[in-house]
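To keep things clear, I will list the structure first and then write my remarks on it.
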Ligand SMILES: Cc1ncc(COP(=O)(O)O)c(C=O)c1O
């Protein structure tokens, strides 16, 4: 099977196919889910929901966690908690999966795209500070974008690929301008910034448990916060804003965003494995680092000295001149050898879905988009499969260079 071929649902992939990233289910998932089925507690109320929330809150080091149907829903609610309103602006990373930017639009606000920094590929804190200091003006208690006149209402840094954003300068700027910070930590459960768990460093943090994340519930998310008031509000908004459960009175517009007990049960089992999974991911990254280091034109992902990365995704940069082939040529070459790889997302300032918002240039994100390629890095990746990937890369680069 090549990465472009589609499997019928339930069909096993061919034995020698190496997928980019697949779930690892080998703990108490069956047992806990069976318990839900046996006891009839399958819906959005149940002990596993509360247990999953407690496990994530404790792990992140915050007081409250609210389980949601997915990470996008958590982001949507977090923006509402931050008081973001229609026609406001939210400062957000351009180099990200599209979900946080979509969530900004769900509340009727507009993204202000911030470029990535070139070393760790995260939101560039200097660009955030530059925008706030030079391109905004104070208008009473309100901060306005000088160009658009719109109110700037929040900062949404996205920690990508399991590595944290350099948050302190962003938190300092947020403090200076009284802006709430919502962390999109969907790809970063278990990662740390200067010894502190990401997701718990702003007003609210959001996680995702979709199928490719470090731990998965198939689909699911979590909103975390230290504020009891915000946590109450998040619970209210994610359960249809029900004010009277007998008479069904709703005083606000709510959402059906709560995770089910069945999926939370899976989440509990997966959380039990989180540290083990992180160790394995870091070992996979170390092996790639050791073996790929000597190949010309391949730049390895770096871990900042202030960071603890989970290496959720293992992504390299391909320098076409030095390597002899582009990231997309390597993708196709590996695909022909049944090895699935993937570029990073189209930076969102380029996305046709957000064409109306594309107000800023992000050249580093553009360059990273051209060069980046994520390699197979499932927790269950066997040593032999990983060596197969490495050998395939060595051969493809070697063949190309021999013919130059
Ligand atoms: C950076 C980022 N933000 C948000 C999301 C949205 O999470 P979900 O797919 O659970 O809605 C994802 C994952 O898909 C993501 O990678």
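Numbering (the working numbering), first residue to last: 14 to 417. Note that beta-carbon positions come from the ideal geometry of N, C-alpha and C, so glycine has one too.
Taking 8 Å as the cut-off, does the CB of residue i come closer than this to any heavy atom belonging to ligand 1?
{"i": "residue 85", "result": "yes"}
{"i": "residue 173", "result": "yes"}
{"i": "residue 294", "result": "no"}
{"i": "residue 112", "result": "yes"}
{"i": "residue 200", "result": "yes"}
{"i": "residue 109", "result": "yes"}
{"i": "residue 264", "result": "no"}
{"i": "residue 88", "result": "yes"}
{"i": "residue 299", "result": "no"}
{"i": "residue 215", "result": "no"}
{"i": "residue 221", "result": "yes"}
{"i": "residue 231", "result": "no"}
{"i": "residue 226", "result": "yes"}
{"i": "residue 181", "result": "no"}
{"i": "residue 197", "result": "yes"}
{"i": "residue 425", "result": "Lying before the first or after the last residue shown, residue 425 is absent from the chain, which here runs from 14 to 417."}
Which class does residue i belong to by DSSP, given the choice of helix, strand or coil?
{"i": "residue 220", "result": "strand"}
{"i": "residue 286", "result": "coil"}
{"i": "residue 61", "result": "helix"}
{"i": "residue 66", "result": "helix"}
{"i": "residue 77", "result": "strand"}
{"i": "residue 370", "result": "helix"}
{"i": "residue 14", "result": "The pLDDT assigned to residue 14 is 46, lower than 50, so where the model puts this residue is not dependable, and the model offers no usable value."}
Measuring only between beta-carbons, confirm whether residue i sits less than 9 Å from chain D.
{"i": "residue 386", "result": "Of the protein chains in this structure there is only one, and it is not chain D."}
Going by alpha carbons, who is nearest to residue i out of the options?
{"i": "residue 106", "options": "237, 204, 136 and 202", "result": "136"}
{"i": "residue 330", "options": "385, 267, 363 and 374", "result": "385"}
{"i": "residue 266", "options": "281, 247, 280 and 274", "result": "247"}
{"i": "residue 394", "options": "408, 36 and 125", "result": "36"}
{"i": "residue 131", "options": "378, 401, 405 and 408", "result": "378"}
{"i": "residue 39", "options": "76, 319, 72 and 228", "result": "228"}
{"i": "residue 140", "options": "123, 182 and 118", "result": "182"}
Open item on the list: Any contact between the segment 379 to 398 and the segment 288 to 305? By contact I mean 3 or more CB pairs, one from each, below 8 Å.
Closed with: A contact exists between the segment 379 to 398 and the segment 288 to 305.
Open item on the list: When you compare the segment 53 to 60 with the segment 184 to 204, are there three or more beta-carbon pairs, one atom per stretch, that lie closer than 8 Å?
Closed with: Verdict: no, contact absent.
Open item on the list: Count Cβ pairs between the segment 91 to 104 and the segment 159 to 167 that sit closer than 8 Å; are there 3 or more?
Closed with: Yes: the two stretches touch, three or more of their Cβ pairs being nearer than 8 Å.
Open item on the list: Pairs of beta-carbons, one from the segment 255 to 269 and one from the segment 66 to 80, closer than 8 Å: are there three or more?
Closed with: Cβ pair count under 8 Å is below three, so no.
Open item on the list: Taking 8 Å as the cut-off, does the segment 406 to 413 touch the segment 328 to 342 (at least 3 CB pairs, one atom from each stretch)?
Closed with: Below 8 Å, enough C-beta pairs join the segment 328 to 342 and the segment 406 to 413 to call them touching: three or more.
TODO: Check whether the segment 232 to 242 touches the segment 72 to 87, counting contact only when three or more Cβ pairs, one atom from each stretch, lie closer than 8 Å.
DONE: Judged by pairs of C-beta atoms under 8 Å, the segment 232 to 242 touches the segment 72 to 87, as three or more such pairs exist.
Task: Stretch pair the segment 195 to 204 + the segment 214 to 229: three plus CB contacts closer than 8 Å - done: Yes, the segment 195 to 204 is in contact with the segment 214 to 229.
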